[in-house]
Amino acid sequence: MSDLLIILLFVVSLLITISSLDDAFIDAMALGIARFRLPRRPTDETAIPQTAVFIANWHEEDVLGRMVEGNLARIHLPQVSLYLGVYPNDTGTLRVAEEMAAKYPDRVRVIVNRLPGPTSKGQMLNEMFAQVFGGEEEGPALVILHDSEDIIDPRTFEVYAAYAGDHDFIQVPVFSLNRGQDAIVASTYMDEFAERHTREMIVRDAVGAAIPSAGVGTGLTRRLIKHFLATRGQVLMSGTVTEDYILGIEAKRAGFKSAFAAVSANADEGLDFVATREFFPRTLATSIKQKTRWVYGINFEALHKLGWHGDLWDHYFFIRDRKGMVTNFLPPISLVIFTLLAFGAIDLGELSDTSMTILATSMWANLAALVMRYVVRVAAIHQVYGTCDWVGVAVRWPAGLYINMVAVFRAWKTYLGESQLATRPIVWSKTTHELPDDFTTATR
Numbered sequence: 170m171s172d173l174l175i176i177l178l179f180v181v182s183l184l185i186t187i188s189s190l191d192d193a194f195i196d197a198m199a200l201g202i203a204r205f206r207l208p209r210r211p212t213d214e215t216a217i218p219q220t221a222v223f224i225a226n227w228h229e230e231d232v233l234g235r236m237v238e239g240n241l242a243r244i245h246l247p248q249v250s251l252y253l254g255v256y257p258n259d260t261g262t263l264r265v266a267e268e269m270a271a272k273y274p275d276r277v278r279v280i281v282n283r284l285p286g287p288t289s290k291g292q293m294l295n296e297m298f299a300q301v302f303g304g305e306e307e308g309p310a311l312v313i314l315h316d317s318e319d320i321i322d323p324r325t326f327e328v329y330a331a332y333a334g335d336h337d338f339i340q341v342p343v344f345s346l347n348r349g350q351d352a353i354v355a356s357t358y359m360d361e362f363a364e365r366h367t368r369e370m371i372v373r374d375a376v377g378a379a380i381p382s383a384g385v386g387t388g389l390t391r392r393l394i395k396h397f398l399a400t401r402g403q404v405l406m407s408g409t410v411t412e413d414y415i416l417g418i419e420a421k422r423a424g425f426k427s428a429f430a431a432v433s434a435n436a437d438e439g440l441d442f443v444a445t446r447e448f449f450p451r452t453l454a455t456s457i458k459q460k461t462r463w464v465y466g467i468n469f470e471a472l473h474k475l476g477w478h479g480d481l482w483d484h485y486f487f488i489r490d491r492k493g494m495v496t497n498f499l500p501p502i503s504l505v506i507f508t509l510l511a512f513g514a515i516d517l518g519e520l521s522d523t524s525m526t527i528l529a530t531s532m533w534a535n536l537a538a539l540v541m542r543y544v545v546r547v548a549a550i551h552q553v554y555g556t557c558d559w560v561g562v563a564v565r566w567p568a569g570l571y572i573n574m575v576a577v578f579r580a581w582k583t584y585l586g587e588s589q590l591a592t593r594p595i596v597w598s599k600t601t602h603e604l605p606d607d608f609t610t611a612t613r
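The sequence shown runs 170 to 613 under the working numbering.
And the structure:
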């Protein structure tokens with residue numbers, strides 16, 4: 170038994186080392202590429218073309234009205250209109266949407282799905298694309314994807330317009346609103362999105378890898394939309410729970426240029442990102458449910474539908490996207506092993522000098538990587554929120570590890586319990602949305 174535990178200790182330690190080297194590579198690349206001197210946002214509002222903000226809805230009557238009015242109060246751009254996708258049998262949301270369209274006839278349009286709900290978010294968006302671009306009218310030059318809880322920064326439309334000159338798929342950063350110290354579960358999204366969207370996504374953009382959509386804050390040009398409508402009759406791939414992630418990969422494969430538009434209003438310090446912000450789930454159950462859907466869609470459905478096609482950088486990031494299917498189990502396994510080691514249940518005395526050197530080197534490297542990961546995450550929080558939350562990051566980290574581990578476990582369970590992928594109809598697995606009390610003025 171002790172021999173098996175020693176082997177497990179070696180395997181786990183070396184896997185953590187490899188994963189840590191991967192993370193360190195991304196950190197070094199991000200620092201070397203941008204040095205966090207991000208480009209300033211453009212300021213010519215007259216250059217913004219006709220833009221449609223697509224908001225797909227299913228039982229959003231509690232938040233949709235406030236979301237529309239709050240964002241229209243921010244967005245003083247006549248070129249920008251909100252398109253609200255609703256189901257005919259979702260009477261509550263339909264009523265609110267029609268009230269908004271009546272109140273803002275030049276800024277809000279209601280699109281009623283031909284099918285009763287719920288279908289899926291992808292089907293709803295495809296219906297919206299079909300109704301807006303399927304007729305004789307040319308349609309808006311840009312479509313921006315958003316959810317009914319998003320705080321839309323009006324500066325993003327300047328960014329989309331600037332990038333749309335030579336890009337057809339544009340993703341702006343997405344960050345969680347600051348939930349404070351009490352909302353530990355919800356605040357884990359602050360750490361994860363801040364770290365990912367100030368580092369990894371910048372590297373993806375710089376090396377020309379495919380840019381996955383975050384589901385919100387995604388801009389699509391009319392050219393890209395009409396290409397997919399002409400070639401397959403729909404913009405988003407059907408029968409998947411992560412149609413947004415897949416669309417970003419497909420855009421590059423179809424020959425369209427993509428961009429992760431990390432633009433800062435303060436280019437010298439890298440603060441005040443032009444980004445989409447929103448509330449994420451605050452309860453353990455809803456967070457695990459949401460992340461299980463993300464993990465399953467990206468790691469199983471996307472792999473099944475997309476395969477491994479792409480260049481070297483795409484392959485690298487495909488592996489990086491999916492390494493969590495293994496690495497999210499390593500922290501709890503490590504905790505058990507080190508507990509047994511501390512109580513003398515594992516005897517390392519019989520290891521050769523070479524084996525002991527390898528193990529010790531790996532473990533010290535892992536400890537250094539843990540400290541570095543902590544520092545990088547605190548730096549990311551400072552970059553996005555303007556504060557060095559040393560204590561908050563430390564408190565939230567174990568919660569995030571637990572949520573991700575359970576989500577990965579459930580995704581594996583779902584996958585292994587199915588005889589074949591895509592045999593069941595995809596039904597909208599929605600997250601209950603909420604808005605901040607200061608929705609109209611909230612910025613971070």
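We put the CB at the ideal spot given by N, CA and C, even for glycine.
(request) Leaving aside the five residues before and after L178 along the sequence, list all residues of the same chain whose C-beta is less than 8 angstroms from its C-beta, in chain order. (result) Along the sequence shown, one-based indexing puts residue 178 at 9. The residues are I506, L510, I515, L528.
(request) With DSSP collapsed to three states, give me the class of V255. (result) Walking along the sequence shown from the start, residue 255 turns up at place 86. V255: strand per DSSP, three-state reduction.
(message) Please list the terminal residues of the continuous alpha helix (DSSP H) segment that includes A266.
(response) As a working mapping, residue 266 is identified with position 97 in the sequence shown. Segment 260-272, the alpha helix (DSSP H) holding A266.
(message) Helix, strand or coil for H551? Go by DSSP, reduced to three states.
(response) Within the sequence shown, numbered from 1, the residue matching residue 551 stands at position 382. It is helical.
(request) With a threshold of 16 other CB atoms inside 10 Å of the CB of L504, please say whether the residue is buried or exposed. (result) The sequence position of residue 504 within the sequence shown is 335, counting from 1. Exposed, by the Cβ-count rule.
(request) Within its chain, find whatever has a CB closer than 7 angstroms to the CB of E364; leave out the 5 residues flanking it on each side and keep chain order. (result) Taking the sequence shown and counting its residues from 1, one reaches residue 364 at position 195. These residues qualify, in order along the chain: V545, R546, A549.
(message) Could you pull the DSSP bridge partners for H315 from this structure?
(response) Taking the first residue of the sequence shown as position 1, residue 315 is located at position 146. Per DSSP, I224.
(request) Taking only the alpha-carbon atoms, compute the straight-line gap between D191 and R489 and give it to the nearest angstrom. (result) Against the sequence shown, residue 191 aligns to sequence position 22. Against the sequence shown, residue 489 aligns to sequence position 320. Using only the alpha carbons, I get a separation of about 8 angstroms.
(message) Between F362, Y584, V279, which has its C-alpha nearest A444's C-alpha?
(response) The residue labelled residue 444 in the question sits at position 275 within the sequence shown. Among F362, Y584, V279, the Cα nearest to that of A444 is on F362.
(request) Figure out for me which residue from I217, R324, R422 has the closest Cα to the Cα of G386. (result) On the sequence shown, position 217 is the one that residue 386 refers to. If we check each option's Cα against that of G386, R324 comes out closest.
(message) Taking the straight line between their C-alpha atoms, what separation do you get for T220 and P501?
(response) For the purposes of this step, residue 220 is taken as residue 51 along the sequence shown, with counting starting at 1. For the purposes of this step, residue 501 is taken as residue 332 along the sequence shown, with counting starting at 1. Approximately 47 angstroms between the Cα atoms of the pair.
(request) Return the Cβ separation of M293 and G254 in integer angstroms, given the expectation that the two are a contact with Cβ distance under 8 angstroms. (result) By one-based count along the sequence shown, residue 293 stands at place 124. By one-based count along the sequence shown, residue 254 stands at place 85. Going by Cβ atoms, the distance from M293 to G254 rounds to 5 angstroms, so yes, they are a contact pair.
(message) Assuming contact is defined by CB atoms lying nearer than 8 angstroms, are G384 and L314 in contact in what I supplied?
(response) The residue labelled residue 384 in the question sits at position 215 within the sequence shown. The residue labelled residue 314 in the question sits at position 145 within the sequence shown. The answer is yes: Cβ separation under 8 angstroms.
(message) Quick check: what's the CA-CA separation for F397 versus V404?
(response) Locating residue 397 in the sequence shown gives position 228, where the first residue counts as 1. Locating residue 404 in the sequence shown gives position 235, where the first residue counts as 1. Taking the straight line joining both Cα atoms gives about 5 angstroms.
(request) Report the rounded CA-to-CA distance for M541 versus F194, giving the unit in angstroms. (result) By 1-based counting over the sequence shown, the position of residue 541 is 372. By 1-based counting over the sequence shown, the position of residue 194 is 25. Cα to Cα, M541 sits roughly 12 angstroms from F194.
(request) Alpha carbon to alpha carbon, how far is W533 from L183? Give it in angstroms, no decimals. (result) Mapped onto the sequence shown, residue 183 falls at position 14. Mapped onto the sequence shown, residue 533 falls at position 364. Taking the straight line from one Cα to the other gives about 11 angstroms.
(request) State buried or exposed for V330, treating a residue as buried only when at least 16 other CB atoms are found within 10 Å of its CB. (result) As a working mapping, residue 330 is identified with position 161 in the sequence shown. A small correction: the amino acid at residue 330 is Ala; Val does not occupy that position in the sequence shown. By the 10 Å Cβ count, A330 comes out buried.
(message) Checking 8 angstroms against the spacing of the C-beta atoms, do I321 and R243 come in under that value?
(response) Residue 321 sits at position 152 when you count from the first residue of the sequence shown. Residue 243 sits at position 74 when you count from the first residue of the sequence shown. Yes, the pair counts as a contact, with Cβ atoms nearer than the cut-off.
(request) In the DSSP assignment, find the beta strand (DSSP E) that holds Q340 and state where it starts and stops. (result) As a position in the sequence shown, residue 340 is number 171, starting the count at 1. Here the beta strand (DSSP E) through Q340 covers 338-340.
(request) Work out the CA separation of Q248 and R392 for me, nearest whole Å. (result) To locate residue 392, count along the sequence shown from 1; it is residue 223. To locate residue 248, count along the sequence shown from 1; it is residue 79. Roughly 18 angstroms between the two C-alpha positions.
(request) Count the other CB atoms, across all protein chains shown, that sit within 10 Å of the CB of G586; report buried if there are 16 or more and exposed otherwise. (result) For the purposes of this step, residue 586 is taken as the residue at position 417 of the sequence shown. Classification for G586: exposed.
(message) Let me check understanding here. Comparing Cα to Cα, which of S433, A225, F326, A576 lies closest to G286?
(response) For the purposes of this step, residue 286 is taken as residue 117 along the sequence shown, with counting starting at 1. Taking only the C-alpha atoms, the option nearest G286 is A225.
(message) Just to confirm my understanding: we take W482, look at its own chain, exclude 5 residues before and 5 after, and list those with CB closer than 7 angstroms. What are they?
(response) On the sequence shown, position 313 is the one that residue 482 refers to. Excluding positions up to five away in sequence, the list reads V376, G377, A378.
(message) Rounded to the nearest angstrom, what separates W566 and G555 at their Cα positions?
(response) Taking the first residue of the sequence shown as position 1, residue 566 is located at position 397. Taking the first residue of the sequence shown as position 1, residue 555 is located at position 386. So the alpha carbons of these two residues sit roughly 19 angstroms apart.
(message) Determine whether the beta carbon atoms of L499 and I572 lie at a separation below 8 angstroms.
(response) For the purposes of this step, residue 499 is identified with residue 330 of the sequence shown, where counting begins at 1. For the purposes of this step, residue 572 is identified with residue 403 of the sequence shown, where counting begins at 1. Not in contact: L499 and I572 (Cβ atoms no closer than 8 angstroms).
(request) Along the beta strand (DSSP E) that carries R164, what are the first and last residues, could you check? (result) As shown, the chain starts at 170 and ends at 613. That puts residue 164 outside it, with no answer to give.
(message) I'd like to check one pair, Y252 with V113: are the Cβ atoms closer than 8 angstroms?
(response) With the chain represented from 170 up to 613, any question about residue 113 goes unanswered, as that position is not in the structure.
(request) Have a look at H366 and D196 and give me their C-alpha separation to the nearest angstrom. (result) As a working note, residue 366 is residue 197 in the sequence shown. As a working note, residue 196 is residue 27 in the sequence shown. About 12 angstroms.
(request) If I'm right that T288 touches S531 with Cβ under 8 angstroms, what's the distance once you round it to whole angstroms? (result) Indexing the sequence shown from 1 puts residue 288 at position 119. Indexing the sequence shown from 1 puts residue 531 at position 362. Actually they are not in contact, since the Cβ atoms of T288 and S531 sit about 49 angstroms apart, beyond 8 angstroms.
(request) Whole angstroms is fine: what's the gap from G561's alpha carbon to Q350's? (result) For the purposes of this step, residue 561 is taken as residue 392 along the sequence shown, with counting starting at 1. For the purposes of this step, residue 350 is taken as residue 181 along the sequence shown, with counting starting at 1. Distance between the alpha carbons of G561 and Q350 is about 7 angstroms.
(message) Which residues does DSSP list as the beta-bridge partners of T387?
(response) The residue you call residue 387 lines up with position 218 of the sequence shown. Note: T387 sits in a beta bridge opposite L314, Q340.
(request) Taking the CB atoms as reference points, tell me whether A266 and L233 lie closer together than 8 angstroms. (result) Against the sequence shown, residue 266 aligns to sequence position 97. Against the sequence shown, residue 233 aligns to sequence position 64. Cβ atoms of A266 and L233: closer than 8 angstroms.
(message) For I317 and K460, I'd like the C-alpha separation in whole angstroms.
(response) In the sequence shown, counting from the first residue as 1, residue 317 sits at position 148. In the sequence shown, counting from the first residue as 1, residue 460 sits at position 291. Residue identity check: residue 317 is Ser in the sequence provided, not Ile. Looking at the two C-alpha atoms, the distance is approximately 19 angstroms.
(request) Output the residue ranges of the alpha helix (DSSP H) runs that lie fully inside the region 340-375 and measure 4 residues or longer, sorted by chain position. (result) 353-364
(request) Measuring alpha carbon to alpha carbon, tell me which of I176, Y414, I353, V312 ends up nearest P218. (result) Taking the sequence shown and counting its residues from 1, one reaches residue 218 at position 49. Checking every option, the nearest Cα to that of P218 belongs to V312.
(request) Kindly indicate which residue of R368, S407, R348, C557 has the alpha-carbon position closest to the one of E447. (result) In the sequence shown, counting from the first residue as 1, residue 447 sits at position 278. It is R348.
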